[in-house]
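Quick note on numbering: the UniProt record's numbering labels position 257 of the sequence shown as 257, and the sequence is numbered without any gaps.
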Amino acid sequence: MAKRNTLFIRIVEGKNLPIKDITGSSDPYCIVRIDNEAIIRTATIWKTLSPFWGEEYNVHLPPSFHTISFHVLDEDSLSRDDVIGKVSINKEALAAKPQGLDGWVNLTEIDPDEEVQGEIHLQISVLGDVPRILRCQVLEARDLAKKDRNGASDPFVRVRYNGKTHESAVVKKSCYPRWNESFEFELDDAPLDTPLSVEVWDWDLVSKNDFLGKVLFNIHRLQSAHQEEGWFRLVPDKPKHSQHEGTLGSLRLQLRLRDETVLPSGHYQPLTELLCQSVGPHLNGNWPDLIMLIDETTTAESRQEVATNLVKLFLGQGLAKEFLDVLFKLELDKTSEPNTLFRSNSLASKSMESFLKKVKFIAVTSFLCLRFISPAIMSPKLFHLREKHADARTSRTLLLLAKAIQTIGNLDTLTCCSKEPWMGPLQPAIQLGITQLKDFISRLVSCDNSEDLGLQQRMSLQCGSMEKEGFILLHKTKDKSMLMTSPFKKYYVTLSKDTLSYARTQHSKKSSFISLPRIRAVEKVEEKSFGSANVMQIISSRDNGLVETLYLDCKSVNELNQWLSALRKACSHNTDTMSSYHPGIYKGDRWSCCHQKDKADPGCDKTKHGVTLQEWYDPLDPDLESQLIYRHLIGVRQAMRKKYQEMIKPEEEDDRETLEGEKKLDGVTRLFSVLQDLQNSHTAVEEEERLKNRNFLLELQT
Numbered sequence: 001m002a003k004r005n006t007l008f009i010r011i012v013e014g015k016n017l018p019i020k021d022i023t024g025s026s027d028p029y030c031i032v033r034i035d036n037e038a039i040i041r042t043a044t045i046w047k048t049l050s051p052f053w054g055e056e057y058n059v060h061l062p063p064s065f066h067t068i069s070f071h072v073l074d075e076d077s078l079s080r081d082d083v084i085g086k087v088s089i090n091k092e093a094l095a096a097k098p099q100g101l102d103g104w105v106n107l108t109e110i111d112p113d114e115e116v117q118g119e120i121h122l123q124i125s126v127l128g129d130v131p132r133i134l135r136c137q138v139l140e141a142r143d144l145a146k147k148d149r150n151g152a153s154d155p156f157v158r159v160r161y162n163g164k165t166h167e168s169a170v171v172k173k174s175c176y177p178r179w180n181e182s183f184e185f186e187l188d189d190a191p192l193d194t195p196l197s198v199e200v201w202d203w204d205l206v207s208k209n210d211f212l213g214k215v216l217f218n219i220h221r222l223q224s225a226h227q228e229e230g231w232f233r234l235v236p237d238k239p240k241h242s243q244h245e246g247t248l249g250s251l252r253l254q255l256r257l258r259d260e261t262v263l264p265s266g267h268y269q270p271l272t273e274l275l276c277q278s279v280g281p282h283l284n285g286n287w288p289d290l291i292m293l294i295d296e297t298t299t300a301e302s303r304q305e306v307a308t309n310l311v312k313l314f315l316g317q318g319l320a321k322e323f324l325d326v327l328f329k330l331e332l333d334k335t336s337e338p339n340t341l342f343r344s345n346s347l348a349s350k351s352m353e354s355f356l357k358k359v360k361f362i363a364v365t366s367f368l369c370l371r372f373i374s375p376a377i378m379s380p381k382l383f384h385l386r387e388k389h390a391d392a393r394t395s396r397t398l399l400l401l402a403k404a405i406q407t408i409g410n411l412d413t414l415t416c417c418s419k420e421p422w423m424g425p426l427q428p429a430i431q432l433g434i435t436q437l438k439d440f441i442s443r444l445v446s447c448d449n450s451e452d453l454g455l456q457q458r459m460s461l462q463c464g465s466m467e468k469e470g471f472i473l474l475h476k477t478k479d480k481s482m483l484m485t486s487p488f489k490k491y492y493v494t495l496s497k498d499t500l501s502y503a504r505t506q507h508s509k510k511s512s513f514i515s516l517p518r519i520r521a522v523e524k525v526e527e528k529s530f531g532s533a534n535v536m537q538i539i540s541s542r543d544n545g546l547v548e549t550l551y552l553d554c555k556s557v558n559e560l561n562q563w564l565s566a567l568r569k570a571c572s573h574n575t576d577t578m579s580s581y582h583p584g585i586y587k588g589d590r591w592s593c594c595h596q597k598d599k600a601d602p603g604c605d606k607t608k609h610g611v612t613l614q615e616w617y618d619p620l621d622p623d624l625e626s627q628l629i630y631r632h633l634i635g636v637r638q639a640m641r642k643k644y645q646e647m648i649k650p651e652e653e654d655d656r657e658t659l660e661g662e663k664k665l666d667g668v669t670r671l672f673s674v675l676q677d678l679q680n681s682h683t684a685v686e687e688e689e690r691l692k693n694r695n696f697l698l699e700l701q702t
């Protein structure tokens, strides 16, 4: 059993943003943060107060995440970027709306006291009988917010109870401090409802101290347990009323959280077999009712997701062609207007669209022209050809060029000229392009028998095993010793299915590599370590058991998270992984993050294996696809039952005992039975997990 949290994010647009530049406009962009960790940066839209981004992302998250926030900033070339505002949405608000959130949300002022992150490790105990003593032992903290310009903080702890206050020592320049200090309070004089407050602050010499978060405890509940120890998430203070409420503009967002519990494969086998039987070749079109029911009861809002999940499931079973055949027959039967065939928002058209993304050699013209060339011309940023969106005039030109290229991909000049007369002057060029495209595709997909084996071998070596590649700044250290002033050098890094290799040039014959099973952790590095917020580290083990660390300096937060995601997914089945790591470097005689002097110290922060960006070329996950299909079918079960009764009613009036009727009834009845069995399994597993993971520490917090 595994927990899978997938968050769909679509940053649509903004409006009524405040003016930040002397030109009377702004250059806005958006940073997406998960628990205050930046994972996505949108493009900058220049000189506008109503930017349109239209960027979509799918992010796999650990079950422990709490908040997603969108920070809107104004980009400045010569000075620090101006902060415009933010939108914060917690996990509970997302989970309360399974259909997702879609709408305009007002930007609010960014309050430094609300920018809280990290956890604190405490041991709380009740000692003695008369008098009773409350002891709070402050051990350490991790991943605290960075409040100083050096990329760190100077944290100390303030403990309050019954009007008395104690403070710990200040740990300089660390977001991973270790205090190991104890504070004691008398319990007998305090009212029963008096809370214990543990606050973390950043010490400043000149200005006032910065708030880093706090935890409140109900001591009355603790007295029965006498002692508890654990990590507690820091939370912000009560939010203050913003003076700029409604004056900072708003964002239009589309968000949908999928919090799935994926059962072992055996639980989904009956559902998978039933779906495969519904498109099997032995049916000869006599039993498409199961797919027909899914088609008829799927709403427009969920049709794309359902189509994608079904295509992935049938691809994994080798029945994608049969599934599409059934859908196309249903589509043909209910189509009344031939000119709009497969152009509607139907399950068949959505499934074919998803299928073309997965199968590269089924429809070469569609894939090359309609799915790659035209979109790349119309939106170069989408394909990473440019880092920023084009201006309005250039976008219009690119749109017209993409239209012409797509016409060539359609291999039809007569239709375009009759529907759009302005395309008439381009007809000779389009006709020549069609001829050249046909010749290119013919040569692309054909080869002699004698060359067939060699071609397959070359393709498997050159592109079949390729996951990600590109130039990147890199530095390797075997002993985590003091780094040079400028340690990074430019290398061409290639991630394949088995290795991560790097060389000075793309076609260099001499390269170094790391075997993926030897990678123990892939994590970010603190900004203060190298003066860059986009550095990651790859920790691996060598044959002699020693640890080797490879540092990669990425150009942007997007490139950083793309490499992190690709490597984490490639190493997802590694067994010898680390549970903790150091986000800093060993410099001089200590770690820069927690100031520990032992090089072999296990680490001061927990690894984050679960945070990855989803890509369309990710490998198939049959259990997850089956779970998503089950979740959809459970939601429309009553609608399916009602629709099926309407479908079989005329047949029952003619002959209730026909073999075909028994066959259909058996298939649909089995579907409802399988769904009920899966629902019972989920209920049992969730109850078991609830009892297993019940945390008394959380009940102590007020």
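Note that the Cβ used here is the ideal one computed from N, Cα and C, for glycine as well.
With a threshold of 8 angstroms on Cβ separation, who are the neighbours of residue i within its own chain once the five nearest residues in sequence on each side are excluded?
i    : result
I45  : D27, P28, Y29, P51, F52, W53, H389
S460 : In this prediction, S460 has a pLDDT of 37, which is less than 50 and means its spatial position is unreliable; nothing more can be read from the coordinates.
N16  : L49, S50, G249, S250
R386 : P380
R641 : F672
T683 : none
For my contact list, residue i and residue j are in at a C-beta cut-off of 8 angstroms; report their separation, rounded to the angstrom.
i    : j    : result
P195 : F217 : 6 angstroms
E199 : I133 : Not a contact, Cβ separation roughly 21 angstroms.
D202 : S168 : At roughly 13 angstroms, the Cβ-Cβ gap does not stay under 8 angstroms, so D202 and S168 are not in contact.
I173 : N150 : It is Lys, not Ile, that sits at residue 173 in the sequence shown. Going by Cβ atoms, the distance from K173 to N150 rounds to 6 angstroms, so yes, they are a contact pair.
L159 : W179 : It is worth fixing the name first, because residue 159 is Val in this sequence and not Leu. That pair is no contact at about 11 angstroms.
P62  : N5   : 7 angstroms
R303 : K350 : 5 angstroms
Check each candidate in the options and name the one with the smallest Cα separation from residue i.
i           : options                : result
H475        : D76, T435, A533, Y551  : Y551
residue 711 : D35, L628, E526, E548  : Residue 711 falls outside the range modelled here, since the chain spans only 1 to 702, and no answer is possible.
H220        : D204, V206, K208, L192 : L192
I31         : P18, E55, Q676         : E55
L257        : G163, K91, K528, L473  : K91
N544        : S532, N558, R518       : R518
E181        : L144, Q596, K164, E140 : E140
K403        : I373, R386, R393, K381 : I373
residue 703 : K321, T299, R142       : The structure shown does not extend to residue 703, since the chain is modelled only from 1 to 702, so the question has no answer here.
L290        : L310, D259, L399       : L310
I19         : D76, E37, E646, D113   : D76
L205        : S197, Y161, D148       : D148
A521        : A566, S556, V557, K555 : A566
E305        : V685, D333, S346       : S346
I34         : Y630, G163, T612       : T612
K146        : G230, E37, D576, R590  : E37
Answer yes or no: do residue i and residue j have a C-beta to C-beta separation smaller than 7 angstroms?
i    : j    : result
A429 : L516 : no
S580 : K606 : yes
S250 : N106 : yes
P155 : V171 : yes
L313 : E13  : no
A503 : S511 : yes
Q254 : S125 : no
T394 : K643 : no
T108 : G85  : yes
F70  : V87  : yes
I634 : L691 : no
D295 : L330 : yes
Y268 : C594 : no
S529 : I472 : no
L332 : A348 : no
I'd like the list of long-range same chain contacts for residue i, defined as Cβ closer than 7 angstroms, with 5 residues on each side in sequence excluded.
i    : result
A2   : V262
C369 : I405, Q406, I408, G409
S532 : D553
G213 : V116, G118, V200, L234, V235, P236
S556 : R41, N534
S465 : Unreliable positioning characterises S465 in this predicted model, as indicated by a pLDDT of 46, which lies under 50. A coordinate reading is not provided.
Excluding the 5 residues preceding and the 5 following residue i in the sequence, name in chain order all residues of the same chain whose CB lies nearer than 6 angstroms to its CB.
i    : result
L500 : I514
I89  : I68
Checklist entry - At which residue ranges does the UniProt domain "C2" (116 to 232) contain complete alpha helix (DSSP H) runs of 4 or more residues, listed in the order of the chain? => result For the UniProt domain "C2" (116 to 232), whole alpha helix (DSSP H) runs of length 4 or above, ordered along the chain, are 219 to 222.
Checklist entry - Hey, which unbroken runs of the beta strand (DSSP E) at 3 residues or more fall wholly within the segment 483 to 511? => result Runs found: 489 to 496, 499 to 503.
Next on the checklist: Which runs of the alpha helix (DSSP H) at least 4 residues long sit entirely within the segment 285 to 344? Give them in chain order.
Outcome noted: If only uninterrupted alpha helix (DSSP H) runs of at least 4 residues are considered, those enclosed by the segment 285 to 344 are 289 to 297, 303 to 317, 320 to 334.
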